[in-house]
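Undergrad: Quick one: the structure is below, and I'll ask about it shortly.
In our numbering, the protein residues as written are 16 to 260.
Pasting the structure below:
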């Protein structure tokens, strides 16, 4: 049964929230075996030697019209409904359906680890998603980390980003430059989106309070503070997984 059918969509309403920047809390989280992360909040692949998934592979299997993804949410959460609300938000606009894990071998395991992070795409077996109780329980952060698990990278590293953003390496914390490396992504025919829930803020990993990213068309533009998935985020999921429009 899906989370929606279990009735967990009847959660309390939430006030307007400020986007928690996943690349600023904390700076260097770790996953279950204490291996440092790559690309800010992405754990190294267990089977791909840390080569990033680029939205052309790493997909969860489709069964009929839907992609069923088993989940287990740690009982240690005090605000479990925030995670459930984030998961169910995919149901209304995509063919992704999250179901409770029973005997499933491959599943997402949500727990309060040392920060906000996820693997990129399906890994197989228990696949951890860390959403720390103190700092990561925001609707947008749940959507962001789950989108990583579906196979999507950060918006500002996509293959065509140089036409839209300028990276300012002189303002980046030393040792964190790799978070801004361009990736050969499959953009699925969708435009660059400053409103994407996957976009960093313009001050991500700044060492001096100055921007590390600027819009080329409008340097004063603020971005990376989406509180929910954009239309382009949703379109990419539907295109990658072959969802019916």
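We put the CB at the ideal spot given by N, CA and C, even for glycine.
Being a predicted model, the structure only gives us computed values, none of them experimental.
#1: Just to confirm before moving on: does the CB-CB distance between residue 153 and residue 141 stay below 8 angstroms?
#2: Let me know the secondary structure DSSP gives residue 180 once reduced to three states.
#3: Closest to residue 209 by C-alpha separation, out of 118, 201, 248 and 96, would be which residue?
#4: Might you give, ordered along the chain, the residues of its own chain that have their beta carbon closer than 8 angstroms to the beta carbon of residue 192, omitting 5 neighbours on each side?
#5: Among all the DSSP beta bridges, which residues are the ones paired with residue 112?
#6: On the three-pair Cβ rule with 8 angstroms, is the region 148-167 touching the region 127-134?
#7: Answer with buried or exposed for residue 118, where buried requires no fewer than 16 other C-beta atoms within 10 angstroms of its C-beta.
#8: If you draw a straight line from the alpha carbon of residue 136 to that of residue 162, how long is it in whole angstroms?
#9: Please report how far the alpha carbon of residue 160 lies from the alpha carbon of residue 84, in whole angstroms.
#10: In the DSSP output, which residue or residues are listed as bridge partners for residue 229?
#11: Taking the straight line between their C-alpha atoms, what separation do you get for residue 243 and residue 223?
#12: Considering only the alpha carbon of each residue, which of 75, 73, 74 and 80 lies closest to residue 259?
#13: Starting from the C-beta of residue 94, find all residues in its chain whose C-beta is less than 8 angstroms away, skip the five residues before and the five after it, and write them out in chain order.
#14: Return the chain-ordered list of same chain residues with a C-beta closer than 8 angstroms to the C-beta of residue 221, the five sequence neighbours on each side being excluded.
#15: For residue 37, is the classification buried or exposed, using 16 other Cβ atoms within 10 angstroms of its Cβ as the cut-off for buried?
#16: Can you find the residues in the same chain that come closer than 7 angstroms, C-beta to C-beta, to residue 236, ignoring five residues on each side of it along the sequence?
#17: Quick one: residues in its chain with C-beta nearer than 6 angstroms to the C-beta of residue 212, no 5 flanking neighbours on either side, listed in chain order?
#18: Could you check where the alpha helix (DSSP H) with residue 152 kicks off and where it finishes?
#19: Is it buried or exposed, residue 138, if we count other Cβ atoms within 10 angstroms and call 16 or more buried?
#20: Alpha carbon to alpha carbon, how far is residue 78 from residue 255? Give it in angstroms, no decimals.
#21: In whole angstroms, what separates the C-alpha of residue 214 from that of residue 238?
TA: Taking the geometry as given:
#1: no
#2: strand
#3: 248
#4: 184
#5: 83
#6: yes
#7: exposed
#8: 8 angstroms
#9: 14 angstroms
#10: 181
#11: 28 angstroms
#12: 80
#13: 148 and 152
#14: 186, 187, 188 and 227
#15: Any reading at residue 37 must be qualified, since the residue scores a pLDDT of 39, below 50, and its modelled position is unreliable; no value is offered.
#16: 209 and 230
#17: 155, 158, 159, 241, 244 and 248
#18: Looking at the DSSP string, residue 152 is not in any alpha helix (DSSP H), and its letter there is neither H nor E.
#19: buried
#20: 15 angstroms
#21: 7 angstroms
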